[in-house]
Every structure is written in C-alpha cells, then in structure tokens.
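To start, the structure itself, in structure tokens.
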Amino acid sequence: MSHYLPEGLPAPAPSRDGLDAPYWEGTLAEQLVIQRCNSCKTWLWGPEWICHQCHSFDIGWEQTSPEGIIYSWERVWHPVHPAFKEENVPFIVVLVELPQADNVRMVGNLLGDPEQEIKIGSKVKAVFEKHEEGKSPYALVQWEVNQ
Ligand SMILES: [Zn+2]
C-alpha cells in the first residue's frame, strides 16, 4: 500500500517513558489498542498516567473497534513541511470519534480523493498504514469512509 503523506516526514516514535508503546505495538498488528481504566472502565486517549475520571493509576490497554465517525475535519492546502510538494496537497486531516470507546477522539488522515466531499458524522474505519522500510517499523492509523 502506498503512504498517504509523502516520504521524508519525521517518523512517529513511542514516547521515551514507554507510556504509549502498547498503542504502537497494536497498530503493527492492525489492532486499535487504547487505554482503559481498570478501576472505572473509562476509555482514555491520548495516553495518560492517571485516569482523568477516577484518578486511579491502574490503567490498562484494550483493543477497541477500529470504527468511528468523523467529528471534525480540515482540508490542508498549504505544504506544511519541506517534504511536501505541490502534488501532495491538498490532504485531509480528520478528528475521529470512537463511539465504542466512550467517544474518545483521534487525529488521522482521510484516505481517498483529497477533494472528496466530507460529511460530519460519516462512518469511517481504520486503515493500518505500514511503514516497514526503516530500522523501526511502525504503522499509522489512517481512516477511510466506511460505505
Ligand atoms: Zn478510572
């Protein structure tokens, strides 16, 4: 599969403290794995050390459904990084809400025609975009409209 954004952008890396490592391991296995409090069962995103709901330190990781809805979006026309060329814009950034995980929201790109019509509330599914060319393979979670 080709990559949505051009080569030459910085690769994401797990945080030095290891907090988000289970998320990145999950994406490589094509699973959406996010935090869930073991005490009150609230889903959390992005990764945190303390549950914002009940203040417990006992936070685990669970696989959730890779399906969401578009909460917001933006079509980017400005090449925001030197790796972008004229042909790489526009591209679409979406804020996706996960109804099966307490409506936490994740940022990603919307695959497909970069000038497609986008509707708030559209159903989307995760696509795991593998980057295996480097020393540390990783996968980005992208989204596509779920027909
Ligand atoms: Zn909690």
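Under my numbering, think of the first position of the sequence shown as 673, with each following residue one higher. Think of the CB as a built atom: it goes at the ideal place given N, C-alpha and C, for glycine as much as any other residue.
Inter-residue Cα distance where the pair is residue i and residue j
i	j	result
N775	I742	11 Å
H675	V796	18 Å
L716	R708	6 Å
E799	V813	One detail in the question is off: residue 799 reads as Val in this sequence, not Glu. Straight-line Cα distance between these residues: approximately 6 Å.
R688	E789	39 Å
W721	V817	32 Å
E746	D785	14 Å
Backbone secondary structure at residue i - three-state DSSP
i	result
A693	helix
E789	coil
A773	helix
N760	helix
G698	helix
E801	strand
G740	strand
L783	coil
Own chain residues within Cβ distance below 6 Å of residue i, not counting five before or after
i	result
L782	I764, V766 and W815
D692	P686 and P719
D730	N710 and S711
E739	K797
Distance cut-off 8 Å: residue i Cβ against heavy atoms of ligand 1
i	result
K713	yes
S794	no
H727	yes
Chain-order list of residues whose beta-carbon lies under 8 Å from that of residue i (same chain, five-residue window excluded)
i	result
N760	L677, P678 and P751
W733	P694, Y695, G698, V705, I706, Q707 and R708
L681	H753 and A755
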